[in-house]
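Engineer:
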Amino acid sequence: MANVVIFDHPLIQHKLSILRDENTGTKEFRALISEIATLMCYEATRDLPLTDVDVKTPMGICHAKQVKGRKLAFVPILRAGLGMIDGVLNLVPAAKVGHIGLYRDPETAQPVEYYCKLPADIEEREVIVVDPMLATGGSAVDAITMIKNKGAANVKFMCIIAAPEGLKALQEVHPDVDIYCAALDDYLNEHKYIIPGLGDAGDRIFGTK
Ligand code: PRP
Ligand code: URA
Numbered sequence: 056m057a058n059v060v061i062f063d064h065p066l067i068q069h070k071l072s073i074l075r076d077e078n079t080g081t082k083e084f085r086a087l088i089s090e091i092a093t094l095m096c097y098e099a100t101r102d103l104p105l106t107d108v109d110v111k112t113p114m115g116i117c118h119a120k121q122v123k124g125r126k127l128a129f130v131p132i133l134r135a136g137l138g139m140i141d142g143v144l145n146l147v148p149a150a151k152v153g154h155i156g157l158y159r160d161p162e163t164a165q166p167v168e169y170y171c172k173l174p175a176d177i178e179e180r181e182v183i184v185v186d187p188m189l190a191t192g193g194s195a196v197d198a199i200t201m202i203k204n205k206g207a208a209n210v211k212f213m214c215i216i217a218a219p220e221g222l223k224a225l226q227e228v229h230p231d232v233d234i235y236c237a238a239l240d241d242y243l244n245e246h247k248y249i250i251p252g253l254g255d256a257g258d259r260i261f262g263t264k
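The numbering of the sequence shown is the numbering used here, which starts it at 56 and goes up by one.
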């Protein structure tokens, strides 16, 4: 079974508490999503392999380390995953970005696919899928299945708030995928929203409600 990392870093917890607040407006919400994504990405990339390099400093040769030429791709699940992209690209600006469009049918809460565009060499890349919310897990499960069907073998999932139901579903279907989340909340309500959660992440990022 892959790892589940639930962040306890004080800065992440502080920012998350403001993010959850119903009085936090779109501008601040967007900035916080991006900042939390940067902090989480720092940890999610901890196992990137290094290679030895010799660097000539003004004082002489330093035997140093650099990230090996391993390729990384970020894949946001549209829409809300887009809010995390600036934040992760702050740390890995050369990464490629794919997009998967899924929305939850409001009646059934089942994911409906409407877009998929991934880097052509996705099978050679380590892939980090980003979406602020893991509720039933349906969207993350389907997005990761789509990515694996294109040949990717090394996939991680990064969300800001997870529900126990979504975590379980994702682990059952994709036991090889490491999961990073800033908080594990209590449960899903009858409309499959995370409680206490933060409401509808897409609407809060884009100001659509
Ligand atoms: C939200 C969220 C996830 C999904 C999580 O997206 O960003 O993609 O719901 O729910 P699940 O785990 O039950 O699948 P939504 O469908 O609201 O679409 P949006 O991002 O376009 O608003
Ligand atoms: N999607 C959201 O944006 N919020 C939830 O609580 C559940 C799914």
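Each residue gets a CB set at the ideal place from its N, CA and C atoms; glycine is no exception. Just so we're clear, the structure is a prediction, and the values are computed from it rather than from any experiment.
1) When you compare the segment 213 to 230 with the segment 239 to 256, are there three or more beta-carbon pairs, one atom per stretch, that lie closer than 8 Å?
2) If we ignore side chains and look at the alpha-carbon of each, how far apart do K211 and T106 end up?
3) Of the residues G206, A164 and F62, which one's Cα is nearest the Cα of L94?
4) Does the separation of the CB atoms of I260 and G138 fall below 9 Å?
5) Please go through the same chain and pick out, in chain order, the residues whose beta-carbon is closer than 6 Å to the beta-carbon of G136, but skip the five residues on each side of it.
6) For T79, which residues in the same chain have their Cβ closer than 6 Å to its Cβ, ignoring the five residues on either side in sequence?
7) According to the neighbour-count rule (16 or more other Cβ atoms, all chains shown, within 10 Å of its Cβ), is V130 buried or exposed?
8) Excluding the five sequence neighbours on either side, which residues of its own chain have a C-beta within less than 8 Å of the C-beta of I67, listed in chain order?
9) Runs of 3 residues minimum, wholly inside the segment 150 to 184: which ones carry the beta strand (DSSP E) assignment?
10) Taking 8 Å as the cut-off, does the CB of Y97 come closer than this to any heavy atom belonging to ligand 1?
11) Could you check which residue in V152, L189 and E178 has the C-alpha nearest to that of K172?
12) Within the chosen definition, does the segment 155 to 169 reach the segment 108 to 116 through at least 3 CB pairs nearer than 8 Å?
13) Please report the residue range of the beta strand (DSSP E) in which M201 lies.
14) Drop a sphere of 10 angstroms on the beta-carbon of K70, count the other beta-carbons inside from all chains shown, and report buried for 16 or more, exposed for fewer.
15) Whose CB is closer than 7 Å to a heavy atom of ligand 1? List the residues in chain order.
16) Per DSSP, which residues does N209 bridge with? Please list them.
17) Looking at C-alpha atoms only, which residue of Y97, A190 and K126 is the closest neighbour of H64?
18) Return the CA-CA distance between T263 and V196, expressed in angstroms with no decimal places.
19) Helix or strand or just coil, what does DSSP make of D233?
20) So what's L103 in DSSP terms, helix, strand or just coil?
21) Could you spell out the range, first to last residue, of the beta strand (DSSP E) harbouring G115?
22) Start and end of the beta strand (DSSP E) containing F129?
Structural biologist: The relevant details are as follows:
1) yes
2) As a first step, residue 211 must be located in the sequence shown, where it is residue number 156. As a first step, residue 106 must be located in the sequence shown, where it is residue number 51. Those two C-alpha atoms are separated by around 22 Å.
3) Taking the sequence shown and counting its residues from 1, the one referred to as residue 94 is at position 39. Nearest option by C-alpha distance: F62.
4) In the sequence shown, counting from the first residue as 1, residue 260 sits at position 205. In the sequence shown, counting from the first residue as 1, residue 138 sits at position 83. Cβ distance < 9 Å, so I260 and G138 count as in contact.
5) In the sequence shown, residue 136 corresponds to position 81, counting from 1. Counting only Cβ-Cβ distances below 6 Å, and skipping sequence neighbours, we find V185 and D186.
6) By 1-based counting over the sequence shown, the position of residue 79 is 24. Around T79: I73.
7) Within the sequence shown, numbered from 1, the residue matching residue 130 stands at position 75. Label assigned to V130: buried.
8) Translated into positions along the sequence shown, residue 67 becomes position 12. I91, L94, M95 and A237.
9) 154 to 159 and 166 to 172
10) On the sequence shown, residue 97 is found 42 positions in, with the first residue counted as 1. The answer is no for Y97.
11) Residue numbering aside, residue 172 sits at position 117 when the sequence shown is read from its first letter. With distances taken between Cα atoms, K172 lies closest to V152.
12) no
13) Within the sequence shown, the letter at position 146 stands for residue 201. No beta strand (DSSP E) contains M201, which is instead part of the alpha helix (DSSP H) from G193 to N204.
14) In the sequence shown, the residue the question calls residue 70 occupies position 15. With 16 or more other Cβ atoms within 10 Å, it is buried.
15) Spelled out in chain order, the answer is I132, L133, R134, A135, G136, L157, Y158, R159, A164, P166, D186, P187, M188, L189, A190, T191, G192, G193, S194, A195, G221, K247, D255, A256, G257 and D258.
16) Translated into positions along the sequence shown, residue 209 becomes position 154. Partner(s): E181.
17) Within the sequence shown, the letter at position 9 stands for residue 64. When only C-alpha atoms are compared, the closest one is Y97.
18) By 1-based counting over the sequence shown, the position of residue 263 is 208. By 1-based counting over the sequence shown, the position of residue 196 is 141. Put simply, the backbone Cα of T263 is about 26 Å away from that of V196.
19) Mapped onto the sequence shown, residue 233 falls at position 178. DSSP places D233 in strand when its eight states are reduced to three.
20) In the sequence shown, the residue the question calls residue 103 occupies position 48. Coil.
21) Within the sequence shown, numbered from 1, the residue matching residue 115 stands at position 60. G115 to V122 is the span of the beta strand (DSSP E), which, as asked, contains G115.
22) Walking along the sequence shown from the start, residue 129 turns up at place 74. Counting along the chain, the beta strand (DSSP E) containing F129 begins and ends at K126 to L133.
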